[in-house]
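Reading through the structure tokens given below for one structure.
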Ligand SMILES: [Zn+2]
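In full-length UniProt numbering, the protein residues as written are 1 to 161.
Below, the structure written as structure tokens:
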């Protein structure tokens, strides 16, 4: 037992020298990459998403949103071909079935439902109904201030020496 304690103390002493920097939320702070390896792909994906959003909002004559959906389809294909990952915020704004950009009261209708028997606020679900019939569901009752890993501001802070 005494040997174990000594060994354990030795390990702890070794770890404390190379202690990783962790912020108050428990997020590991690492240096940001100096360059993005697939910068062109990311720029292209970003541009296609903005084009799709713009044409969905601005073009009232086309009910099928053909041009906007084509841009979003291109975005999806390029993302798969280049194996780039999209942020959760961007993925939430695209319909996987019809490739429409989800704009409230234009291509999507949001509503909050509670299917539990006691109607506790914890069980509230945000449902986004696309005009194609597909719906996205987000449980918002448990943690209303939930943010995905990429959306947390502390992850974008620069490493300070
Ligand atoms: Zn849809």
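Every residue gets a Cβ at the ideal spot worked out from N, C-alpha and C, and that includes glycine.
Q | residue 131 beta carbon near ligand 1 (any heavy atom closer than 8 Å) | A | Within the chain shown, numbered from 1, the residue matching residue 131 stands at position 131. Within the cutoff, so yes.
(Q) Rounded to the nearest angstrom, what separates residue 88 and residue 150 at their Cα positions? (A) Counting from 1 along the chain shown, the entry for residue 88 is found at position 88. Counting from 1 along the chain shown, the entry for residue 150 is found at position 150. Straight-line Cα distance between these residues: approximately 8 Å.
Q. Just curious, the alpha helix (DSSP H) that residue 39 is in, first and last residue?
A. Within the chain shown, numbered from 1, the residue matching residue 39 stands at position 39. Secondary structure note for residue 39: its alpha helix (DSSP H) is the uninterrupted segment 39-58.
Q) Among the residues of its own chain, which have a CB less than 6 Å from the CB of residue 48, if the five just before and after it don't count? A) Numbered from its first residue, the chain shown carries residue 48 at position 48. Excluding sequence neighbours, residue 48 sits near 71, 74, 75.
Q | Cβ neighbour criterion (16 or more within 10 Å) applied to residue 52 | A | Translated into the one-based positions of the chain shown, residue 52 becomes position 52. By the neighbour-count rule (16 or more Cβ atoms within 10 Å), residue 52 is buried.
Q.
Mapping the DSSP letters down to three states, classify residue 78 as helix, strand or coil.
A. In the chain shown, counting from the first residue as 1, residue 78 sits at position 78. Three-state result, residue 78: helix.
Q: Note down, one range per segment and in chain order, each beta strand (DSSP E) of at least 3 residues found wholly within the region 115-141.
A: At a cut-off of 3 residues, the continuous stretches assigned as beta strand (DSSP E) that sit fully inside the region 115-141 are 124-130, 135-139.
Q.
Taking the alpha carbon of residue 80 as the reference point, which residue from 42, 21, 63, 22 has its own alpha carbon closest?
A. What you label residue 80 is simply residue 80 of the chain shown in a count that begins at 1. Comparing Cα positions, the closest option is 42.
Q) Since residue 108 sits in a beta bridge, which residues does DSSP pair it with? A) Locating residue 108 in the chain shown gives position 108, counting from the first residue. Its beta-bridge partners are 104, 130.
(Q) To the nearest angstrom, how far is the alpha carbon of residue 144 from that of residue 122? (A) Along the chain shown, read from residue 1 onward, the residue named residue 144 stands at position 144. Along the chain shown, read from residue 1 onward, the residue named residue 122 stands at position 122. Between residue 144 and residue 122, the C-alpha separation is close to 9 Å.
Q) Between residue 53 and ligand 3, is the CB less than 8 Å from at least one heavy atom? A) As presented, the structure is devoid of ligand 3, carrying ligand 1 as its sole ligands.
Q: Between the Cα of residue 129 and those of 105, 27, 55, 65, spot the shortest distance and give me the residue it belongs to.
A: Numbered from 1 along the chain shown, position 129 holds the residue referred to as residue 129. When only C-alpha atoms are compared, the closest one is 105.
Q: Tell me, please, which residues DSSP counts as bridged to residue 29.
A: Taking the first residue of the chain shown as position 1, residue 29 is located at position 29. According to DSSP, which records beta bridges pairwise, residue 29 is partnered with nothing at all.
**Q.** C-alpha gap between residue 68 and residue 19, whole angstroms
**A.** Position 68 of the chain shown, counting from 1, holds the residue named residue 68. Position 19 of the chain shown, counting from 1, holds the residue named residue 19. Answer to the nearest angstrom: the Cα atoms are 49 Å apart.
Q | Residue of 56, 35, 44, 140 minimising C-alpha distance to residue 126 | A | The sequence position of residue 126 within the chain shown is 126, counting from 1. Ranking the options by Cα distance to residue 126, first place goes to 140.
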